[in-house]
Every structure is written in structure tokens, then in C-alpha cells.
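> Before anything else, here's the structure in question.
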Amino acid sequence: MITITDLEKYYATEEVRTIALNKLSFKVKEGEFVAVMGPSGCGKSTLLNILGLLDDPDGGSFVFNGIEVAGFNERKRADLRKHNIGFVFQSFNLIDELTVFENVELPLIYTGVKPAERKVRVDAVLEKMQIMHRRKHFPQQLSGGQQQRVAVARAVVNNPKLILADEPTGNLDSSNGNEVMDLLTELNEAGTTIIMVTHSEHDAKYSHRIIRMLDGQKVTENVLAEFKSV
Amino acid sequence: MIKNYFKIAIRNLWRHRGYSVLNIGGLAIGMTAGFLVLLYVGFEMSYDSFHSKADRLYRLSTDIKTPSDKYETPVVDWNILSELESEFPEIEMSTLVMGTDIDVKVGNENYTENRSLAAGAALFQMFDFKLLEGHSKTALSAPLSIVLDKTTAAKYFGDGNAMGKTLKIMDGKYSVTVTGVMDDMPNNSMVKGNIILSISTYTEVIDPTLKDSWANFENLGFVLLNPETDANVLEAKFKPYVEKIHGEQMKSSNMQLAYFLEPIQDIYLYSDRGSTPQITNIYIFSIVGLFILLIAAINFINLTTARSVERAKEVGIRKVIGAQKGQLAFQFLGESLIICLFAFLIAVGLSMLALPYFNELAGKVVATSIFAKPLYILSLLAISVFIAIVAGAYPALVLSSFKAVKVLKGKFSRSSKGILLRKGLVVLQFSISVILIIGTFVIYSQTYFMQHQDLGFSKEQLLILPTNNQNGQEEMQKALASNPDILSMSTSSSVPGGGGEWQTALSVLENNMGQDQSLTLNRFNIDENYIPQFDIKLLAGRNFSKQFASDSTEAMILNEKAIKLLGFADPADAIGKSFEQWDKKGTVIGVIKDFHIQSLQEEIMPLSMVMGSGDNKLLNLKVSTQNLGKTLGFIKKYWQEYFPNKSFDYFFMDAFFNQQYKSEERFASLFLNFALLAIFISCLGLLGLASYSTLQRRREIGIRKILGSSAFGIVHLLSADFLKLVAIAILIASPIAWYGMHSWLQDFAYRIDIPWWIFLVAGILAIGIALVTISFQAIKAAIANPVKSLRTE
């Protein structure tokens, strides 16, 4: 599903040029659950942004679903993104002025789904995330775990092929964190590809494969024992 | 999607209620002010435009050139209109219009109608004054006919039965018949009165010699031209014709007359014949209105862009989810539109509430309802939409181009461009405010100056009775003399400020070279008590005296201005010089110090005083301030006894004279109100910006405090930035204000020098107001617990 080859990304200030990604290559197959780990500043987030089509690489190739997307303009990227990729963030990133229902509905609005269908799909996903009873609440009225469930609901409402999760449990206590990880596992079992950036070895164990990075490069790639057959 | 935008907009407004109140409130107040100015300007521009034949109506006016002076008058003499009309077929119709006051007796009730007119039969055919009863062609044709407006008809006769009734006018001397009832004349009409007497009453009944008179300038003259006539071409034909028929008379009287046509719609705005053209005031108010609207719009832009940073996260999320740049821009524009329409609705409400006060402030009924002219409301709506687009464009463009990654990662930094823009706009706002503050100071100083300047005569305690010098006056004077609270009495034709009858007379006087010099002089008929009573200083010679019988025919007193024109440096040198004026011929017996007979807006004119009798229609009483009510009652009693056909009428000299400054006072108070509004709205904006920037720097403030900064240091930190802006604004505003007010003052013959301290005071005021506004926020931030502010980050 995803093939990146010699991916490069630089950040340049007036005096220093920092290499964020240094000729990084790997593949992710459809249906995989991949964890990306590494210390702060190793380039994890940059990678996630490029994979999520939020940012453009400075070199190398990025093939998404058989299409070379490196060099796409913003409009094309936004288009591809809204139909194919869902995001889950550490800090939830819900819009405070919108209710739970409205937050989840938003991606459907941007992809042009009709109101009646939107309601059906949002209700279905809220039901699935067990947050239906909170549909009229605003984000600040929810606990962290509930907010992240809403965020996950929003990420999946469009039935994306790929979910990118950036430290999804970072702001949660362990029981809420486990709940979210269980949710992601369920989604993965239902066929969604997941790439997750995390600091937590505990969370990484939920994945099939761990990619460890340092200074913009892949250092190791270990497939967890029970998934070796995949 | 629109519903989603709408929802988020409303929730945003609600969540940040404080900002919303500042934002929408400021905008609404600004729009209200702008709207009222629009109504005012619209009203002023509409003068005399409601006549269906307005494009063919002209006022005929006369330039009078004497050997010494040239007068550009708005008036014509009694016969020129009919002469021109019969000679030039281009003139379809014409009428004289005389403004006068007429006393009216209905049954046993006496009324004095100060706004009376006399006009010719063509009036109702030329102008669109609506006649409710009577025939437009004939209502004013016969002598002793009178047309009343609806209000006056109701006042005299109750509703609906005035037609054909008889009234007594002019001390009961004439009986006139009501031949028409008209609608009350519109407020935006130059020709305006409550009652209209047929002008043939004057030429046929009151004074038949008027028909043969020449160069007796009393009336306005209006002509209706044929549709194809070019007024300029016609005007050019007047000169040779007038030369032909009046050449001899002009030569013998040393007076050259020239006639001009002024389009009726331009008179109020542009003509300086007999009135001040209003166009300057209209410009000033338009600019002030635009200023206020601009200030309000700037507030809106500033608050919206400043707050836009808070929306960055939302933008990031929406982008991640798949929003296109255009969709986001559209969302923010839409939001701005919602706010502006909100403000528009509030402005409409505020305008409705404010209109009666505004009418009062303006001194005229500018509009009876804000919906009277739908076009204005639509203009306001258009302005709101325009502000929405301008104010929404910046955040729409900036926000929609945020990089989602950066925003969500918190790497987003406030763009320095946006801050610079806001600072620039704050400078602009405060510049405007400071200009208005300085303007207000100057206008008030000038008004104060005019009202408190030594006029050269004493206007206090003077009670003026327009007795018209009727039979019985002498007896009444004798009776009044018995009252000790009446300190002195005099009679005259005129008093300063335009009271009574004002005459100008072409006179021939001996100058310092011993030659006869022609000079046009103002002429007051007075008696021997007038000069001491008005406290006018005698510089040389003597006052009139009953002891010299010849004083009433052969003596004249001149003011300084007149003897300067004759070339005398020392007043004493003018004494004994010869004069000729109308029926009088004699010598100058006295020279008085110049005193202001007109408002200080006008230059002092050369003045002659002669002893009169029949022309002295005013009885002037100096009264003690004690027992004033009792004294008035005493006078009234004798008035009713000696003048049973005349309603009791009087005025106080000081109030009467100051009435001339009414328009300046009004101007000043309108200006003051608008300046206050401008400052208020600017402060609203500053308050919003200050609280916002305080919020933004909360972390910085926390760190500084932990590192040991005092509360004062924090206040200083937060205020200094804004105060710098205000200081720049003062520097920009001062020269502009100086220039503007300097030009404004040029219209006044006697004016103040703009004192330097006005700029200082305005500056201190602006800084003070700004400081109070900012420190409110700054102090709050400075005394807050730093730990708390750091934790919330």
C-alpha cells in the first residue's frame, strides 16, 4: 500500500540545515499495523506528516496505493487525503465549538456526503465507539478517553484505508489508553491499515511490526513474534 | 456546510462574549453614526430638489455696485421680475417672495407670525407646495388674499373650516380672506413660511407707489424658465436690456445693477448671497461620518485578525480532515458577514432610537423616520457587506493558508505582518480621534470667543419691544417711566444682531482731502438715549441731543470704520464734516468706537447713525435684573392697554445676539458628539487588542514575574507598545488638524489663533484615555499569579 524509497526531508533555518529524514525507505502492506518508535527529534512526526500528505518530501519517492504522490500540490494532496486517510492525534484536536456529532460529521461534509446519509454514518460510528450518548456534548465536557474515542470516530467515519496515529495514548491514563489501543486493533482487524507513532513500548506491542528510527534513518525493523507469519 | 459555518460562527461569538460585544457593539455604534450622518447629508443635499420643475427654477439675484462697494445680494427690487418676464419669452413664470413677520388678529386673539411670506400668484404653479384647498392659479392673485398652512389654519380656526374666513392683519389695519390652505412647507425648502399673503396686497393696497419704485431691494425673485432655455445665455441678455431701460437711473444714483440666475437646487449648498453656503459643513460632516465608520471598521478588522490566531487550531484540523483553502476562506468571510449583518440590525435599532435626539441636535427634522428613504437603509446594508468583505478578507486569506502541520504542532508563530497591520490601523484610528479632539477644542474655543468677546456695546439687561411705533407709544413710554425697575428707555430702527429694520444707504461724505466721497453705510435711526443706553463709547464730538433742534435733520454720528474709509486718522478730525444721505444733509457731530452689530463671523461695517422718529419701531428698555417677572407683567399690562390689536412681543438683547451663534453652537455640539463617539469606539478596539495581547503574552508575563519583574514593570511592558502607537498618532494628527481647523477659522472675520496648548491637551487626553483603557487589562495581568498562567500553557 505504501512504498517509500530514499525519502528525504530538510528543515533549514538561516544558519543550520537539519536533516529530518535521511534516505528513509520501507514498505507498508495493506492491512498492516505498524508502530514507528524512536527518541524525540528522530523524524517520526515528519514521517507521519509526509505519509499523511500534510507535508511534501524534499527527495525520494512516496508511492501511495500505486500512485507516486511526492510532488503533488496542496489541492491534490487534500483531495487524496480526505478520501483515504484518517488521523488520530495525541492532543485529540477536536474543534471546541462543535459538538461530538458535528466533529465526527465534518469529514463527511468536506467529502460532499448528503445530510441524510451523514446522519446515518455518524450515528453508526458513534454507536460503534460507544459514545452515542454523548453526541450532543462539546469536547470540553468529555474525559480525555472519550475525546480520543470521538477523534477515532472522526478518523474512521469516512472509511479510510489508512489511519495515522500520532501518540494516540500520550495524553491518556493507562486504562483509557488501553481502550483506545483496543479500538485501533479492532479497526485493524476489520482491515484498516494503521501506522502509529509512539514512545510507548506497551502500545507498540499492539502492532505487527516496529520500525525504530534515529536521526532520520531506520535503525531496526522487528516483526513481533506472533505476526512473523503475516 | 453553510449551516455548519453558521453554527460555528454563532458559537464562537457566544463563547467569546466579551470580544463579541466589543466587536459587534463598536461596529454597530459606528454604523449608527455613519447612518445618521448619511441622513443628515442626504437631507442637506435635498434642499429644494423636491420641486418637479426644480431643474428650471432659478433665483434672480442682484449685484449692486456703488463707487465704494460691491454687494452681492440675494434680492431683487419690486419691478425687475415683471419687466424681464414681459421682455424675455424664455421666462415662463416668475414670482417675488418676501419674508416678513405679520401680526394677525383672529377674533380676539393676537398672533405674531414670524415666518410669514408674501408671494405672487405663480408661486403654487412654479413650486410643488401642495395646496389642500383653494386654486393654485388664483389663491394668491387678488390683493388681501392669504394662504395658511394646515397647522396655522388649525390653530386659528380648528380643523377644516378656514377657507373664506377673514383675518385682521397689521395692527388690524387690513382684513384679508383665506383663499387657500396648504400642506406645511417641507423642512428642506428654502422658501418656508406658515402663512402667505398675496404680494399684490403690498403693491395694490398697502403701498401703491411700490409699482413705480426702483432699486428698492426687499424681495427674493424666482423665475421658471422654459424647458429649452439655457440660463447662461439668458443671463447674458439681461445686461444690455437693463442698461437700456434703467441706464439713466443707474447713472444718476451712482449704482450699477447686474442680475444673475442661480439654479434653485444650488442655492442652499453653494450660494453665499445673504447666507453661508452649507457645502463646507456637509463636507466636514461627511468626512467625520466616514472617519467614524472607518474607526469602527478598523476595530472589527483588528479584533478579527488578532483573534484569528485562536482559530488556527480549527483551521489545522479542518485542513487535515480535507478542507480546501477556498472552503476555509469562504467560511471566514461568511463569519465576518454574519457579524456585520448582526451589527447592521443593531445599528438600525440604534438609529431608530437616536433619530429624535439627532434631529434635536441638528436643530431640524432631518428625517421623520429612518425608513422614510429606503435607499439609505440599503446603503447602510451595502456598507455593512463591504466592511464584512474587507474585514473578513484578511483573516480569510491568512488563516486559510496556514500550514496544518505547523499549526497543530504548536509551531505556529504570530505573523509579524499581521501585527504590523494592526499597529498601523491603531495609529490610523487614534490619528482620527486626535484630529476630532483637536477639532472639537478649536470649534468650542472659537464659539466661546465669539460669545465672550467684548462687542463694543453692552447687551445685558436690555429688553427690546418691537412696538412698530404705533399710536400710543409715547403715552405708553410715559406710563412705563414710572417704574423704578425700568432704568432707561430709547427708541431705534435697529439693534445689533439683525433686530428691527436694517438699512444701507448710499451716502456722500466729505473726506480728509475735502472731497465728496460716496460711501455705502449701514444706517441706524436712533434717539438721544440709545448710545448711552447701549454703552457705546463716544470717541469724539457729542451724542444727539434734544437741545439741538437741528439734530433730527442735520446731524450724523459715524463709527471708526466709516471715518477710516474717509481717510481720517483722528476721530476729532471728522467732526463738522459735511454729509448727504437720502433726505438728510448736514454735518458729522460725533464719532463712536466700533461695535459689533453683527456676529463675529462678519467684519465690522461702516455705520452711520441718524436721529429718527417714524422709523424707530423698536422700544429698548434697560431693566433691573431684580423683579424681572414683575417688570415684564407691568410692561405687558400697558402694552395691552395702548396696543390692543397687537400681541405682546419682546426679546432680550443678549439672547437675541447670541442666537447668531446658534449654528456654530450646533456645529460644535454635533462635532463634540461625533468626536466622543470616535474616541469611544477607538477605545473599544484598543481594549480588545490590549486584552488580546495580554492573553497572548500570559506565558511571557509569568516567566518575567518568576524572574523578578515587578507588577509595575509588567504594566509598563504591556502599555508601552500601545502608547508608542498613540504617540505616533498624535504626531500625525496634529499638523492635519491644524491645517483643517486653520482653514475652518478663515470663515470668521474675528477668530482665535489656534493655541499650541490645544495640541498638548489633546495629546495628553488621547494618551490618558488610551492608558486607562490598556492598564485595565495590564494591571489584571500583572497581579495575576504567574504559576497559574504558566500552567495553563
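Going down the list, the protein sequences come from chains A and B.
Using this note's numbering, you'd call the opening residue of the first sequence number 3 and step up by one each time.
Using this note's numbering, you'd call the opening residue of the second sequence number 50 and step up by one each time.
C-beta: ideal position from N, C-alpha, C; glycine also.
#1: What is the C-beta distance between Gln566 of chain B and Leu615 of chain B, in whole angstroms, given that I count them as a contact (C-beta under 8 Å)?
#2: What do you reckon, are the CB atoms on Val483 of chain B and Ala778 of chain B nearer than 8 Å?
#3: Within 8 Å, do at least three Cβ pairs link the segment 403-416 of chain B to the segment 51-68 of chain B?
#4: Looking at C-alpha atoms only, which residue of B:Leu133, B:Thr161, B:Leu109 is the closest neighbour of Gly124 of chain B?
#5: With a threshold of 8 Å, are at least 3 pairs of Cβ atoms found where one atom belongs to the segment 50-63 of chain A and the other to the segment 5-19 of chain A?
#6: Go ahead and pull the three-state DSSP assignment for Gly179 of chain A.
#7: What's the C-alpha gap between Val71 of chain A and Ser27 of chain A?
#8: For the beta strand (DSSP E) holding Asn159 of chain B, just list the boundary residues, first then last.
#9: Can you look up Pro170 of chain A in the DSSP assignment and give me helix, strand or coil?
#10: What three-state label does DSSP hand Ser507 of chain B in the structure shown?
#11: Quick one: Cα of Asp205 of chain A to Cα of Val127 of chain A, how far?
#12: So who's on the other strand from Ala554 of chain B, going by DSSP bridges?
#13: Could you work out which residue in B:Gly67, B:Tyr89, B:Leu766 is closest to Ala421 of chain B when comparing CA atoms only?
#14: Compare the C-beta of Arg66 of chain B with all C-beta atoms of chain A and state if any pair is closer than 8 Å.
#15: Below 8 Å, how does it come out for the segment 371-391 of chain B and the segment 428-442 of chain B: are there three or more Cβ pairs, yes or no?
#16: Rounded to the nearest angstrom, what separates Ser547 of chain B and Asn574 of chain B at their Cα positions?
#17: What are the boundary residues of the alpha helix (DSSP H) that Gly639 of chain B is part of?
#18: Taking only the alpha-carbon atoms, compute the straight-line gap between Lys121 of chain A and Ala155 of chain A and give it to the nearest angstrom.
#19: Can you check whether the CB of Gly88 of chain A is closer than 8 Å to the CB of Val158 of chain A?
#20: Is the shortest distance between the beta-carbon of Lys362 of chain B and the beta-carbons of chain A less than 8 Å?
#21: Can you find a CB in chain A that lies within less than 8 Å of the CB of Gly383 of chain B?
#22: If we call anything under 8 Å between Cβ atoms a contact, is His210 of chain A one with Leu185 of chain A?
#23: In angstroms, rounded to a whole number, what distance separates the CA positions of Ile513 of chain B and Leu670 of chain B?
#24: Could you spell out the range, first to last residue, of the alpha helix (DSSP H) harbouring Thr822 of chain B?
#25: Skipping 5 residues on each side, what residues in its chain have a beta carbon closer than 7 Å to that of Ala378 of chain B?
#26: Tell me which residues share the same chain as Ala345 of chain B and place their Cβ nearer than 6 Å to its Cβ, disregarding the 5 neighbours each side in the sequence.
#27: Tell me whether Arg120 of chain A sits in a helix, a strand or coil according to DSSP, three-state version.
#28: Report, in whole angstroms, the separation of the C-beta atoms of Ala819 of chain B and Thr743 of chain B, which I expect to be a contact under 8 Å.
#29: With a threshold of 16 other CB atoms inside 10 Å of the CB of Ile823 of chain B, please say whether the residue is buried or exposed.
#30: For Gly789 of chain B, go through chain A and note every residue whose CB falls closer than 7 Å to its CB, in chain order.
#31: Give me, in chain order, the residues of the same chain whose beta-carbon lies closer than 6 Å to that of Gly270 of chain B; leave out the 5 immediate sequence neighbours on both sides.
#32: Between the C-alpha atoms of Glu609 of chain B and Gln647 of chain B, what's the straight-line distance to the nearest angstrom?
#33: Under 8 Å, do Asn268 of chain B and Gly734 of chain B count as touching if we go by C-beta distance?
#34: Just the C-alpha distance for Thr278 of chain B and Val272 of chain B, rounded to the nearest angstrom, thanks.
#35: Please compile the residues from chain A whose C-beta is within a distance smaller than 8 Å of the C-beta of Arg715 of chain B.
#36: Just to confirm, are Ile684 of chain B and Ile641 of chain B a CB contact at a threshold of 8 Å?
Straight from the coordinates:
#1: Between Gln566 of chain B and Leu615 of chain B, the beta carbon gap of about 6 Å places them in contact (Cβ cut-off 8 Å).
#2: Going by C-beta atoms, Val483 of chain B is nearer than 8 Å to Ala778 of chain B.
#3: Counting Cβ pairs under 8 Å, fewer than three are found: no touch.
#4: Before going on, a small fix: residue 124 of chain B reads as Val here, not Gly. Ranking B:Leu133, B:Thr161, B:Leu109 by CA distance to the CA of Val124 of chain B puts B:Leu109 first.
#5: Yes, the segment 50-63 of chain A is in contact with the segment 5-19 of chain A.
#6: Per DSSP, reduced to three states, the secondary structure at Gly179 of chain A is helical.
#7: Rounded to the nearest angstrom, the two C-alpha atoms are 15 Å apart.
#8: In the DSSP annotation of this structure, the continuous segment of the beta strand (DSSP E) that includes Asn159 of chain B starts and ends at 158-168.
#9: In the displayed model, Pro170 of chain A falls within coil according to three-state DSSP, outside both helix and strand.
#10: Coil.
#11: Roughly 23 Å between the two C-alpha positions.
#12: In the DSSP output, where bridge partners are listed per residue, Ala554 of chain B has B:Leu570.
#13: Out of B:Gly67, B:Tyr89, B:Leu766, B:Tyr89 has the C-alpha closest to the C-alpha of Ala421 of chain B.
#14: With its beta carbon at least 8 Å from every one in chain A, Arg66 of chain B lies outside the interface.
#15: In short, these stretches touch, since the Cβ pair count reaches three.
#16: Ser is not the amino acid found at residue 547 of chain B; the sequence shown has Gly there. Between the alpha carbons of Gly547 of chain B and Asn574 of chain B lies a distance of about 14 Å.
#17: Here Gly639 of chain B belongs to no alpha helix (DSSP H); instead the beta strand (DSSP E) covers 633-641.
#18: Put simply, the backbone Cα of Lys121 of chain A is about 13 Å away from that of Ala155 of chain A.
#19: In contact: Val158 of chain A and Gly88 of chain A (Cβ atoms closer than 8 Å).
#20: At least one chain A Cβ lies under 8 Å of Lys362 of chain B.
#21: No, its Cβ sits nowhere closer than 8 Å to a Cβ of chain A.
#22: Against a cut-off of 8 Å, the Cβ pair of Leu185 of chain A and His210 of chain A comes out as no contact.
#23: About 6 Å.
#24: Start and end: 805-832.
#25: Once the five neighbours on either side are set aside, the close Cβ partners of Ala378 of chain B are Ala445, Leu446, Ser449.
#26: Non-local C-beta neighbours of Ala345 of chain B in its own chain, meaning closer than 6 Å and more than five positions away in sequence, comprise Gly75, Leu76, Gly79, Ile730, ordered along the chain.
#27: Residue state, collapsed to three classes: helix.
#28: Your pair Ala819 of chain B and Thr743 of chain B does not check out as a contact, with CB atoms roughly 15 Å apart and the cut at 8 Å.
#29: Within 10 angstroms of the beta-carbon of Ile823 of chain B lie 16 or more other beta-carbons, which makes it buried.
#30: Correct list: empty, because the minimum Cβ distance to chain A is about 46 Å.
#31: The answer, listed in chain order, is Leu109, Val125, Leu130, Leu145.
#32: About 16 Å.
#33: In this structure, Gly734 of chain B does not lie closer than 8 Å to Asn268 of chain B by Cβ.
#34: Taking the straight line joining both Cα atoms gives about 12 Å.
#35: Within 8 Å Cβ-Cβ: nothing; Arg715 of chain B doesn't reach chain A, min ~48 Å.
#36: Taking 8 Å as the cut-off, the beta carbon of Ile684 of chain B is found no closer than this to the beta carbon of Ile641 of chain B.
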